[in-house]
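Asker: Before we start, here is the structure in question, set down as structure tokens.
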Amino acid sequence: MSLKTSNKVEQNRYELEVEVSAVDFSNAVDKVFKRNVKRISIPGFRKGKAPRAFIEKYYGENVFYEDAIKDVYPGALQDAIDEAGLDVINDNIDFDLINAGKDGLAFKAVVTVKPEVTIENYKGIEVKRKPVRVTKGDIDKEIERVRERNSRLVTVDGRVAESGDIVVFDFKGFIDGEPFAGGEAENYTLELGKGQFIPGFEDQLVGHKQGEEFDIDVTFPEAYQEASLAGKSAVFKIKLHEVKTRELPELDDEFVKDVSEFDTLDEYKESIKKQLKDLKQKESDIDADDQMIDKTVELLKAEIPEAMFENKVEDLIHDFAYKLKAQGLTLESYLKYTGMDADALKAQFWPQAERQVKLRLALDKIAELEGLSATAEEIEEKYKTLAEQYKMEVVQIKKIINEKDLLGDIAAEKAVDFLRENCVSK
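Written as structure tokens, this is what we have:
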């Protein structure tokens, strides 16, 4: 292979003219012939026994050229890209055949490259940190949450249901005096005040006692998921079987021993305070990072090819589909259930893709400007981490993940650390 010319034809687009020698192309044609000869029939020869020269005479001397070009083209183009020193977006390539024959192969390829990037004033980015304070109210709220989790349900007699109670009841719904599908249940359990039913339903359960039978009048929302019910008025006949309330455990040392490793309430409160402080610190750090990243992206100056955003959107959708599969759902089913089409899904992921592409370009440039790179030890450690994460052998991971990509990832991580170290907190 030889790179004949490399010319910039437009913003972020280069045209490469590439030549493959007669010997290399002939070898590629011979490989295609050997791969296909068993399936070829020529009059006068048994199937699969015809010499290459006879096959080419019968079908034309270029009979194997198309497959040979497909075989030799990717490697030849990559060699040319490397020789030209271009950082190419591989999914956006225009191929144009010049000639193919006994003299070899020649073609042109217009490739899209990553943009030229500039970024300034990235040292000393200002971020406004959220205060890390834990109040008595925060501690009390967490303790109440634990008490509720350890509460028991107690049936109450002689009083009406209140918001926060759990009720057990039968219901049957009617529209224009006729029952409708899905509008009936027995011994249904519902916690009042959670808004789990259509508006107005739970409010009308409040104020009734165990054993009462009564009607509830409601109107289904216009945007109700079942179109046949949307906007319609309904009457539900109710039979209230039981009213329950949550009985919370006493807040004392015995409670603490039951729910934690501590012996006293004071120790437990101190532990909760530390946990909440660590959590708030983490939230503050994440918020500061988000501010830092947003401002870094704003500092980036580049004419970014649309293809980079499109490729990232496809990556995000692929990851999303993989997560859906882990939940037993296909992407096609998800689109059907949500009423979305492929274009709407892409539009949903576009802002995230745009941010990620811009951020990576910014981090790559900062790593270059600050001389941040990965050591051999860091690369090996990263491979080991990935192998553990995906439960694979390191040698397998190395076959899947290119070392060049890993170098870039580590350098980008170091650029993030560099930005953090140089941030100014307000």
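Position one of the sequence shown corresponds to residue 1 (the numbering used here), numbered consecutively onward.
The C-beta atom is built at its ideal place from N, Cα and C for all residues, glycine as well.
1. Going by CA-CA distance only, name the one from 352, 320, 64, 298 that's closest to residue 35.
2. According to DSSP, simplified to helix, strand and coil, what is residue 45?
3. List the DSSP bridge partners of residue 434.
4. First and last residue of the alpha helix (DSSP H) that includes residue 309?
5. Give me, in chain order, the residues of the same chain whose beta-carbon lies closer than 6 angstroms to that of residue 128; leave out the 5 immediate sequence neighbours on both sides.
6. Could you spell out the range, first to last residue, of the alpha helix (DSSP H) harbouring residue 108?
7. If contacts are defined as beta-carbon pairs under 8 angstroms, then residue 286 and residue 139 qualify, I think. What distance do you get, rounded to the angstrom?
8. Terminal residues of the continuous alpha helix (DSSP H) containing residue 359?
9. Give, in chain order, every unbroken run of the beta strand (DSSP E) that is at least 3 residues long and sits entirely within the region 222 to 250.
10. Taking Cβ positions only, does residue 26 come closer than 8 angstroms to chain C?
11. Hey, would you say residue 106 sits closer than 8 angstroms to residue 16, going by beta carbons?
12. Since residue 229 and residue 300 should fall inside the 8 angstroms C-beta cutoff, what is the C-beta to C-beta distance between them, to a whole number of angstroms?
13. If we call anything under 8 angstroms between Cβ atoms a contact, is residue 410 one with residue 388?
14. On a Cα-Cα basis, can you pick out the residue from 297, 327, 373 that is closest to residue 118?
15. Give me, in chain order, the residues of the same chain whose beta-carbon lies closer than 8 angstroms to that of residue 398; leave out the 5 immediate sequence neighbours on both sides.
16. Within the same chain, show all residues whose beta-carbon is closer than 7 angstroms to that of residue 341, passing over the 5 residues directly before and after it, in chain order.
17. Given this structure, state the Cα-to-Cα distance separating residue 56 from residue 347, to the nearest angstrom.
18. For residue 5 and residue 45, what's the separation of their Cα atoms in angstroms?
19. Do you know how far the Cα of residue 239 is from the Cα of residue 149?
20. Within 10 angstroms of the Cβ of residue 428, are there 16 or more other Cβ atoms? Answer buried if so, exposed if not.
21. To the nearest whole angstrom, what separates the beta carbons of residue 241 and residue 168, a pair I think is in contact under 8 angstroms?
22. Taking Cβ to Cβ, would you say residue 216 is nearer than 8 angstroms to residue 419?
23. Flag this pair as touching only if the region 207 to 214 and the region 264 to 282 have three or more C-beta atom pairs under 8 angstroms; answer yes or no.
24. Could you pull out every residue in the same chain whose Cβ sits closer than 6 angstroms to the Cβ of residue 92, ignoring the five residues on either side in sequence?
25. Among 180, 204, 337, which one has its Cα closest to the Cα of residue 225?
26. Give the range of the alpha helix (DSSP H) segment to which residue 14 is assigned.
27. Quick one, which of 115, 27, 22, 23 has its alpha-carbon nearest residue 10's?
Answerer: The answer reads as follows:
1. One-based indexing of the sequence shown puts residue 35 at position 35. Among 352, 320, 64, 298, the Cα nearest to that of residue 35 is on 64.
2. The count along the sequence shown starts at 1 and reaches residue 45 at position 45. Three-state result, residue 45: coil.
3. Since the first residue of the chain shown is 1 and the last is 426, residue 434 is not available in this structure.
4. Your numbering for residue 309 matches position 309 in the sequence shown. Where residue 309 is concerned, the enclosing alpha helix (DSSP H) starts and stops at 306 to 326.
5. Position 128 of the sequence shown holds residue 128. For residue 128, same chain residues with a beta-carbon under 6 angstroms away, outside a window of 5 residues either side, are 426 in chain order.
6. As a working note, residue 108 is residue 108 in the sequence shown. Premise fails: residue 108 lies in the beta strand (DSSP E), 104 to 113, not in any alpha helix (DSSP H).
7. The sequence position of residue 286 within the sequence shown is 286, counting from 1. The sequence position of residue 139 within the sequence shown is 139, counting from 1. Contact doesn't hold; Cβ gap of about 22 angstroms is too wide.
8. Here residue 359 refers to the residue found at position 359 when the sequence shown is read from its first residue. Segment 342 to 370, the alpha helix (DSSP H) holding residue 359.
9. Those beta strand (DSSP E) runs which fall completely within the region 222 to 250 and span 3+ residues are 233 to 247.
10. The displayed structure is made up of one protein chain only, and chain C is not part of it.
11. Taking the first residue of the sequence shown as 1, we reach residue 106 at position 106. Taking the first residue of the sequence shown as 1, we reach residue 16 at position 16. Cβ atoms of residue 106 and residue 16: not closer than 8 angstroms.
12. If you number the sequence shown from 1, residue 229 lands on position 229. If you number the sequence shown from 1, residue 300 lands on position 300. About 50 angstroms separates the two Cβ atoms, so there is no contact after all.
13. Taking the sequence shown and counting its residues from 1, one reaches residue 410 at position 410. Taking the sequence shown and counting its residues from 1, one reaches residue 388 at position 388. Cβ distance not < 8 angstroms, so residue 410 and residue 388 don't count as in contact.
14. Reading the sequence shown from its first residue, position 118 is the one you call residue 118. Closest option to residue 118, Cα to Cα, is 297.
15. Here residue 398 corresponds to residue number 398 of the sequence shown, with the count starting at 1. 383, listed in sequence order.
16. Working through the sequence shown from its first residue, we reach residue 341 at position 341. Closer than 7 angstroms at Cβ, skipping near neighbours: 335.
17. Here residue 56 corresponds to residue number 56 of the sequence shown, with the count starting at 1. Here residue 347 corresponds to residue number 347 of the sequence shown, with the count starting at 1. Rounded to the nearest angstrom, the two C-alpha atoms are 50 angstroms apart.
18. Numbered from its first residue, the sequence shown carries residue 5 at position 5. Numbered from its first residue, the sequence shown carries residue 45 at position 45. Each residue's alpha carbon lies about 45 angstroms from the other.
19. Working through the sequence shown from its first residue, we reach residue 149 at position 149. Working through the sequence shown from its first residue, we reach residue 239 at position 239. Those two C-alpha atoms are separated by around 29 angstroms.
20. Only positions 1 to 426 of the chain appear in the structure, and residue 428 is not among them; the question remains open.
21. Against the sequence shown, residue 241 aligns to sequence position 241. Against the sequence shown, residue 168 aligns to sequence position 168. The pair is a contact, with the Cβ atoms about 5 angstroms apart (cut-off 8 angstroms).
22. Here residue 216 corresponds to residue number 216 of the sequence shown, with the count starting at 1. Here residue 419 corresponds to residue number 419 of the sequence shown, with the count starting at 1. Taking 8 angstroms as the Cβ cut-off, residue 216 and residue 419 do not qualify as a contacting pair.
23. Judged by pairs of C-beta atoms under 8 angstroms, the region 207 to 214 does not touch the region 264 to 282, as fewer than three such pairs exist.
24. What you label residue 92 is simply residue 92 of the sequence shown in a count that begins at 1. Counting only Cβ-Cβ distances below 6 angstroms, and skipping sequence neighbours, we find 112, 307.
25. Here the question's residue 225 lines up with position 225 in the sequence shown. Residue 337 is the option with its Cα nearest to residue 225.
26. As a first step, residue 14 must be located in the sequence shown, where it is residue number 14. No alpha helix (DSSP H) holds residue 14; the beta strand (DSSP E) holding it covers 13 to 20.
27. For the purposes of this step, residue 10 is taken as residue 10 along the sequence shown, with counting starting at 1. Looking at the Cα atoms, 115 is the closest of the given residues.
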